[in-house]
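I have placed the structure first, in the form of structure tokens, so that the comments after it can refer back to it.
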Amino acid sequence: MTETFYDVLRRQGISRRSFLKFCSLTAASLGLGPEFAPTMAHALETKPRTPVLWLHGLECTCCSEAFIRSAHPLASDVILSMISLDYDDTIMAAAGHQAEAIVEEVVAKYKGNYLLAVEGNPPLNADGMYCIIGGKPFLDQLRFAAKDCKAIISWGSCASWGCVQAARPNPTQAVPVHKVIRDKPIIKVPGCPPIPEVMTAVVTYMATFDKIPELDRQGRPKMFYSQRIHDKCYRRPHFDAGQFVEAWDDDGARRGYCLYKMGCKGPTTYNACSTTRWMGGLSFPIQSGHGCIGCSEDGFWDNGSFYNRLSDIHQFGIESNADKVGATAAGVVGAAVAAHAAVSAIKRARQNGGNE
Amino acid sequence: MTTKSATAQQQAVYVYEGPLRLWHWINALSILVLAVTGYFIGSPLPSLSGEASDHFLMGYIRFAHFAAGYILIIGFFLRIYWAFAGNGHARQIFLPPLLSSKWWSEVLHEIKWYAFIAREPKKYEGHNPLATLVMHFVFVWGIVFMMVTGLALYGEGAGLGSWQYRWFSGWVISAFGNSQNVHTWHHVGMWVIICFAIVHIYAAVREDVMSRQSIISTMISGWRTFKDTRVADDAH
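Residue numbers (our numbering), protein chains in the order written: chain U, 93 to 448; chain L, 17 to 252.
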């Protein structure tokens with residue numbers, strides 16, 4: 093049997109005390125009550141580690157880069173020991189046929205019991221030829237690995253929504269994982285990249301409770317994606333007060349006013365950045381003085397400028413948004429009404445003249 | 017029927033009952049407040065300085081928007097109730113007779129009247145067919161769209177457990193793809209309602225002056241008065 097997470101930790105010289113601290117911290121970050129810390133400890137002590145296949149499609153590896161920088165729960169090596177990461181072509185030592193053989197081995201050995209983590213997404217155009225892994229289209233690898241998996245974790249905006257490679261005009265026809273695999277539970281962890289602690293917490297939850305976390309309508313874990321950046325933003329009091337940054341170098345910017353007018357997408361973005369923050373809780377985009385660009389939202393590349401809070405309306409030409417189109421329409425209607433009124437008045441005056 | 021004025025021989029019909037008139041004006045006021053505050057939520061006023069705790073400007077603007085929104089929504093439901101409880105005219109904007117060819121030909125006539133082709137308008141106790149058409153498709157459905165997207169946006173702030181989120185935010189945001197698109201189309205909806213209001217007010221004033229029946233005073237007193245004695249085209 094595969095060793096447990098606790099075994100691996102002890103082998104690495106981590107004390108039981110540190111292990112229990114880790115359990116409490118993770119339970120807290122998952123929004124669970126304190127009574128769940130022992131449950132988590134027990135699970136990690138007794139359950140064999142879940143085998144995970146981590147596939148890479150069209151992506152930039154920012155998800156992996158984020159994942160290995162997770163600060164709480166503990167550091168990357170611990171997280172990598174919690175699951176049994178059997179295949180991850182970016183960070184694994186094996187290469188070539190030896191590496192590819194692992195996928196088949198895991199699929200055969202742990203049928204129905206392994207997790208499939210997907211970073212990036214498959215392009216469908218030209219039979220998937222725009223993304224080749226080990227000489228075969230990624231699409232085939234994804235389908236093969238997904239067939240017998242327990243559940244799929246869609247890492248990042250690529251796997252969840254499509255992200256940049258699926259942005260208009262999407263020449264490779266890149267599609268998110270759920271458009272290809274329809275018969276497996278899919279947990280979307282969007283973000284470009286997702287928050288490291290969110291990634292590790294999702295894995296921890298699944299390793300501990302042996303079930304997928306509660307998901308919202310879009311398939312994201314509710315515990316991290318149920319609120320907008322705006323709802324928990326530390327600059328929110330400035331928004332409510334009506335204090336805004338009007339230019340990047342104005343006094344409001346120096347005073348840390350709300351970035352709403354600079355196009356901050358915090359009010360339309362579901363993520364946990366304003367609560368967990370990044371780099372071990374050091375900061376997040378808004379704290380560094382730049383608005384949120386909404387990287388965890390579906391279609392964020394196609395919504396127009398990062399500095400505009402309204403989506404572009406492409407039917408009316410590039411760079412036109414709801415307010416521009418609407419104000420123009422209202423102006424045209426107003427002018428038409430005025431012209432119509434003038435004609436009506438002339439017509440009436442003529443008629444009255446004729447009647448006299 | 018009473019004859020109000022001896023000189024012009026106007027006949028009067030009681031068209032809009034009290035609750036309907038009250039709804040009309042409360043609704044109009046709500047829309048005014050919603051459009052103005054909504055615009056300032058999307059494009060806020062110039063930044064205030066000083067301590068954040070000294071001000072609550074956006075808070076008040078948003079409060080006014082939400083309060084007016086709820087008044088509009090409750091009013092709309094009462095209006096639907098009144099479509100059942102009130103007289104026949106109360107149902108008109110909800111049920112345009114889309115299958116009646118006579119009605120469509122009258123829509124065409126009304127368009128011709130507005131295009132200065134027809135010499136004389138027809139005469140109506142209720143709305144003219146073109147008005148019914150526009151009120152149904154632009155106003156009624158426009159307001160329904162604004163109420164649904166508005167509640168969806170409100171639910172985002174109210175949170176996952178709120179009834180607004182459960183009933184509206186989830187499926188509306190899914191339908192539009194993301195929250196930003198819902199905001200965008202809520203803006204578009206505002207401009208549609210503004211365009212409707214411009215045309216509506218203009219048409220009311222113009223009809224009052226140029227057509228064969230009263231319009232503006234009718235929404236105040238409830239009585240439709242006529243400028244000639246011929247039979248109205250929608251007389252029952």
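Using N, Cα and C, we set each Cβ at its ideal position, and we do this for glycine too. Values in this document were obtained by computation on a predicted structure and should not be read as measured data.
Among U:T361, U:F111 and U:Y349, the one whose alpha carbon lies nearest that of I189 of chain L: Taking only the C-alpha atoms, the option nearest I189 of chain L is U:T361.
Measure the Cβ-Cβ separation of L147 of chain U and G212 of chain U and say whether it is below 9 angstroms. yes
With contact counted as at least three CB pairs below 8 angstroms, one residue from each stretch, are the stretch 233 to 240 of chain U and the stretch 279 to 288 of chain U in contact? no
Short CB-CB distance (under 9 angstroms) between H432 of chain U and chain L: yes
Comparing C-alpha positions only, which one of U:A258, U:Y297, U:K242 and U:P261 sits nearest to R274 of chain U? U:K242
Since I believe R95 of chain L is in contact with W157 of chain L (beta carbons under 8 angstroms), could you give me their beta-carbon distance rounded to a whole number of angstroms? Actually they do not touch by this definition, with Cβ atoms about 14 angstroms apart.
Cα-Cα separation between A167 of chain U and F192 of chain L, rounded to whole angstroms: The predicted model places A167 of chain U with a pLDDT of 47, which falls under 50 and marks its position as unreliable; any figure quoted below should be read in that light. Going by the C-alpha atoms only, they are around 38 angstroms apart.
Could you give the DSSP three-state label for P377 of chain U: helix, strand or coil? helix
Less than 6 angstroms between C-beta atoms, sequence neighbours within five positions excluded: which residues of the same chain meet that for V221 of chain L? none
Which residue from L:I231, L:I214, L:S69 and L:R37 puts its Cα closest to that of V425 of chain U? L:I214
Excluding sequence positions up to five away, which residues of its chain have a Cβ less than 6 angstroms from the Cβ of S185 of chain L? A168, G171 and E172
Report, in whole angstroms, the separation of the C-beta atoms of E126 of chain L and L111 of chain L, which I expect to be a contact under 8 angstroms. The Cβ separation is near 18 angstroms, so there is no contact.
Can you tell me which of the three DSSP states S230 of chain L falls into? coil
Within 9 angstroms of any Cβ in chain U, is that where the Cβ of D224 of chain L sits? no
Considering only residues of the same chain and omitting the five flanking positions on each side of S375 of chain U, which have a CB-CB separation below 7 angstroms? R369
Please report how far the alpha carbon of A259 of chain U lies from the alpha carbon of W253 of chain U, in whole angstroms. 10 angstroms
Under 8 angstroms by Cβ, that's how I've got H330 of chain U and C350 of chain U pegged, so tell me the actual separation to the nearest angstrom. 4 angstroms
What did DSSP end up calling H125 of chain L once you bin it into helix, strand or coil? Correct three-state label for H125 of chain L: helix.
Return the residue from the list U:V295, U:F392, U:F128 and U:A187 that minimises the CA-CA distance to E257 of chain U. With the sequence shown as reference, residue 257 of chain U is identified as Gln, and Glu is not the correct amino acid for it. The residue with the shortest Cα to Cα distance from Q257 of chain U is U:F392.
Backbone secondary structure at Q319 of chain U - three-state DSSP: Q319 of chain U falls in the coil class under three-state DSSP.
Where I214 of chain L meets chain U, residues with beta-carbon distance less than 8 angstroms: Those within 8 angstroms of I214 of chain L in chain U are A422, V425, G426 and V429.
Who are the neighbours of G344 of chain U on chain L, taking C-beta pairs under 7 angstroms? S63
Between H40 of chain L and chain U, is there a C-beta pair that is closer than 9 angstroms? no
Assuming P229 of chain U contacts L150 of chain U (C-beta within less than 8 angstroms), just tell me the rounded distance between them. Incorrect: roughly 11 angstroms between the Cβ atoms, too far for contact.
In chain order, each alpha helix (DSSP H) run of at least 4 residues that lies wholly inside the stretch 20 to 90 of chain L: 34 to 58
Collapsed DSSP secondary structure at A167 of chain U in the structure displayed: Because the pLDDT of A167 of chain U is 47, which lies under 50, any placement of that residue in the model is unreliable, and the question is left without a value.
I want to see whether chain U comes within less than 9 angstroms of M74 of chain L, judged by CB atoms only; does it? yes
Please decide whether T165 of chain L counts as near chain U, where near means a Cβ-Cβ distance under 9 angstroms. no
At what residue ranges does the stretch 146 to 225 of chain U contain a whole run of the beta strand (DSSP E), taking only runs of 3 or more? 176 to 180 and 207 to 211
Reducing DSSP to helix, strand and coil, say where M17 of chain L ends up. With a pLDDT of 42 at M17 of chain L, under the threshold of 50, the modelled position of this residue cannot be trusted; read the value that follows with caution. DSSP places M17 of chain L in coil when its eight states are reduced to three.
With DSSP as the reference, please indicate the residues paired to F242 of chain L in a beta bridge. DSSP output for F242 of chain L lists L:Q229 as bridge partner(s).
Please report how far the alpha carbon of N363 of chain U lies from the alpha carbon of I385 of chain U, in whole angstroms. 12 angstroms
Nearest to D250 of chain L (by Cα), restricted to the options L:N43, L:W179 and L:G104: Per the C-alpha coordinates, the member of L:N43, L:W179 and L:G104 positioned closest to D250 of chain L is L:G104.
Using 8 angstroms as the cut-off, can you tell me whether the stretch 26 to 38 of chain L makes contact with the stretch 47 to 59 of chain L, which would need three or more C-beta pairs spanning the two stretches below that distance? no
Using the C-alpha atoms, what's the distance from T367 of chain U back to V290 of chain U? 11 angstroms
Can you name the residues of chain L whose CB is closer than 9 angstroms to the CB of R320 of chain U? For R320 of chain U, the neighbours in chain L by C-beta distance under 9 angstroms run, in chain order, E172, G173 and S195.
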